[in-house]
Amino acid sequence: RVRPLLLLASNSPRRRQLLTDAGFEFATIAPRVAEKSDVDRALFIHTIENDADSFLNLINPANYAAVNALIQDVNPDFIQWDPLNSLTDNDLNSDMDMRAVVSAISTITRSGNPNRIPFVLHHSLTGKIGAARAVGWDKASYGRNSKVLQAWTRAQINLAPRSADNPNLLIMSCGKNNNGKLFPEIGVEFDENLGIYIKDDSFDPEEFREEVGIQSSKKKPITPEQVADLVEDGIPRTKLLEAVKNKYSVSQPTAYRTIDRAEEAGNIRKERGKK
Numbered sequence: 010r011v012r013p014l015l016l017l018a019s020n021s022p023r024r025r026q027l028l029t030d031a032g033f034e035f036a037t038i039a040p041r042v043a044e045k046s047d048v049d050r051a052l053f054i055h056t057i058e059n060d061a062d063s064f065l066n067l068i069n070p071a072n073y074a075a076v077n078a079l080i081q082d083v084n085p086d087f088i089q090w091d092p093l094n095s096l097t098d099n100d101l102n103s104d105m106d107m108r109a110v111v112s113a114i115s116t117i118t119r120s121g122n123p124n125r126i127p128f129v130l131h132h133s134l135t136g137k138i139g140a141a142r143a144v145g146w147d148k149a150s151y152g153r154n155s156k157v158l159q160a161w162t163r164a165q166i167n168l169a170p171r172s173a174d175n176p177n178l179l180i181m182s183c184g185k186n187n188n189g190k191l192f193p194e195i196g197v198e199f200d201e202n203l204g205i206y207i208k209d210d211s212f213d214p215e216e217f218r219e220e221v222g223i224q225s226s227k228k229k230p231i232t233p234e235q236v237a238d239l240v241e242d243g244i245p246r247t248k249l250l251e252a253v254k255n256k257y258s259v260s261q262p263t264a265y266r267t268i269d270r271a272e273e274a275g276n277i278r279k280e281r282g283k284k
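For the sequence shown, the working numbering begins at 10 and goes up steadily by one.
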């Protein structure tokens, strides 16, 4: 059984309690565990108690000693450090300062257990330009001061927005994986009932690249009129979907969106008859 320690400098106990009361924390951590007590026995979360607690600053000897004492007391299998910028007062854009803080993380994490794993959360680039750098040539350098981070990390997962209008939609990509293949980009969507992100099967990587401007569209968009030409009265959605895919050689998510646009434009009705 894995024994994690979460060192959170972002969320207060009050916010954590609100999430717990809503059932989010249990659903997120152990959706398949029958008894919540199993989670309570294995999981340790250290949160903000006082205003200064949000700045752990491992470069400070007193802070380092206090955090190390907590780690030795809990003896976890892995530690989540959240976020990276709370672990130093120095300049994370400096190679020297970044190297100092990641070295401190490595040393304190493995103190007493050389197999203990650090899992670091790091705020990165934002906006359309930031989203574009989460994939393609720049995905390994998505984090701030990427030269040092890229050399230090064993594996890197990038999370970026994929919609300007819907903050619940994210793209997850692999920036680095020392011991295996990089996994392909995955679209995820926040489930407001569960409080977790789930896989979005409608995500189209090529369409995302086109939207953020790192890949030119190879095809002309399918018009609502072209969809209407494929409609026969009473045709089920599954058959219309296959017709669009076969006619225009597009992915299933793209075919779905094309049909939705034709419906919104009024060219076809949901019962699949021409208007």
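Even glycine gets a Cβ: it sits at the ideal position worked out from N, Cα and C. In this text, all values refer to a predicted model and were calculated from it rather than measured experimentally.
Close-in-space but distant-in-sequence residues of the same chain around I166 (CB under 8 Å, 5 per side omitted): For the purposes of this step, residue 166 is taken as the residue at position 157 of the sequence shown. These residues qualify, in order along the chain: M181, S182, C183, G184.
Between the Cα of P176 and those of S260, G136, I195, spot the shortest distance and give me the residue it belongs to. As a first step, residue 176 must be located in the sequence shown, where it is residue number 167. Ranking the options by Cα distance to P176, first place goes to G136.
Using the Cα positions of I231 and A264, report the straight-line distance between them to the nearest angstrom. Counting from one through the sequence shown, the residue named residue 231 turns up at place 222. Counting from one through the sequence shown, the residue named residue 264 turns up at place 255. I231 and A264: Cα-Cα distance of roughly 9 Å.
What three-state label does DSSP hand G184 in the structure shown? Counting from 1 along the sequence shown, the entry for residue 184 is found at position 175. It is a strand residue.
Can you tell me which of the three DSSP states L15 falls into? Along the sequence shown, one-based indexing puts residue 15 at 6. Strand.
In angstroms, rounded to a whole number, what distance separates the CA positions of A271 and E251? In the sequence shown, counting from the first residue as 1, residue 271 sits at position 262. In the sequence shown, counting from the first residue as 1, residue 251 sits at position 242. So the two alpha carbons sit approximately 15 Å from each other.
Helix, strand or coil: how does DSSP classify V259 here? Taking the first residue of the sequence shown as position 1, residue 259 is located at position 250. Coil at V259, not helix or strand.
Report the rounded CA-to-CA distance for A237 versus I277, giving the unit in angstroms. Locating residue 237 in the sequence shown gives position 228, where the first residue counts as 1. Locating residue 277 in the sequence shown gives position 268, where the first residue counts as 1. Using only the alpha carbons, I get a separation of about 6 Å.
Backbone secondary structure at G204 - three-state DSSP: Looking up residue 204 in the sequence shown gives position 195. Coil.
For F128, which of helix, strand or coil comes out of DSSP? One-based indexing of the sequence shown puts residue 128 at position 119. F128: strand per DSSP, three-state reduction.
In terms of alpha-carbon separation, which member of L178, A173, L130, G139 lies closest to A164? In the sequence shown, counting from the first residue as 1, residue 164 sits at position 155. Of the candidates L178, A173, L130, G139, the one whose C-alpha sits nearest the C-alpha of A164 is L130.
Expressed to the nearest angstrom, what Euclidean distance is found between the alpha-carbon atoms of S150 and G275? Within the sequence shown, residue 150 is the residue found at index 141, counting from 1. Within the sequence shown, residue 275 is the residue found at index 266, counting from 1. When rounded, the distance between both Cα atoms is 44 Å.
Pick out whichever of G145, E234, N69, N187 has its Cα sitting closest to the Cα of D98. Taking the sequence shown and counting its residues from 1, one reaches residue 98 at position 89. Considering only alpha carbons, the answer is N69.
Going by beta-carbon coordinates alone, are K208 and V197 separated by less than 7 Å? As a position in the sequence shown, residue 208 is number 199, starting the count at 1. As a position in the sequence shown, residue 197 is number 188, starting the count at 1. Yes, the Cβ-Cβ distance between K208 and V197 is below 7 Å.
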